[in-house]
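Working notes, structure below.
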Amino acid sequence: MGACYFYGKTGGYTGYTLPEFTYTGQYEKFQVDKKNWKIRFLTSGTLIFPKRVPAIDVFLVGGGGGGAGYNGNHAACGGGGGYTKTEKSVIPLVGEEYPIVIGAGGYGGSSSNPGGSGGASSAFSVTAGGGGGATYGG
């Protein structure tokens, strides 16, 4: 499974913490320390910021590729890891609907079949591709 994280800084002397937002999927939010926070999106959904938010950093990981099946003659192999992408200083617009996509992991191969490719993760028009599915060794 892929991942999507947002990172930000709190407002210096103003003391505000995590930004207000609504999200249709599942997420976890963390106040990392007095100056930094992060949000980890666990499932795909739609994100809306109802108030102005300072610039955020977006970190994406594509879903990993599935492993190949064992066919009796060749060893099974693991799939490729998902690609990563970072976009710094993204400024979300107030009230805009932003789709967040968390790429699924690739399906595992059976018998001598290869594994499937992982899905891409995306947010704010930034995409991290999924890893390739494995083929059995030979």
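In the numbering used here, each number is its position in the sequence shown, counted from 1, plus 1147. All C-beta atoms, glycine included, are put in the ideal place defined by N, C-alpha and C.
Cβ neighbours of E1244 in the same chain (closer than 6 Å, five flanking residues each side left out)
Numbered from its first residue, the sequence shown carries residue 1244 at position 97. Excluding positions up to five away in sequence, the list reads T1193 and I1195.
Give every residue of the same chain whose Cβ lies closer than 6 Å to the Cβ of S1236, excluding the five residues on either side of it in the sequence, and list them in chain order.
On the sequence shown, residue 1236 is found 89 positions in, with the first residue counted as 1. Hits under 6 Å: A1202.
For L1165 and P1239, the rounded distance between their alpha carbons
To locate residue 1239, count along the sequence shown from 1; it is residue 92. To locate residue 1165, count along the sequence shown from 1; it is residue 18. Spanning the two alpha carbons is a distance of roughly 14 Å.
Between the Cα of G1150 and the Cα atoms of F1168, G1280 and G1172, which residue gives the shortest distance?
Here residue 1150 refers to the residue found at position 3 of the sequence shown. A quick correction: the sequence has Ala, not Gly, at residue 1150. That would be G1172, whose Cα lies nearest to the Cα of A1150.
Between T1161 and V1248, what straight-line distance do the alpha-carbon atoms span, to the nearest angstrom?
For the purposes of this step, residue 1161 is taken as residue 14 along the sequence shown, with counting starting at 1. For the purposes of this step, residue 1248 is taken as residue 101 along the sequence shown, with counting starting at 1. Here the model assigns T1161 a pLDDT of 44, short of 50, so the residue's position is not dependable and the matter cannot be decided.
C-alpha distance - V1205 paired with S1257, whole-angstrom precision
For the purposes of this step, residue 1205 is taken as the residue at position 58 of the sequence shown. For the purposes of this step, residue 1257 is taken as the residue at position 110 of the sequence shown. About 36 Å.
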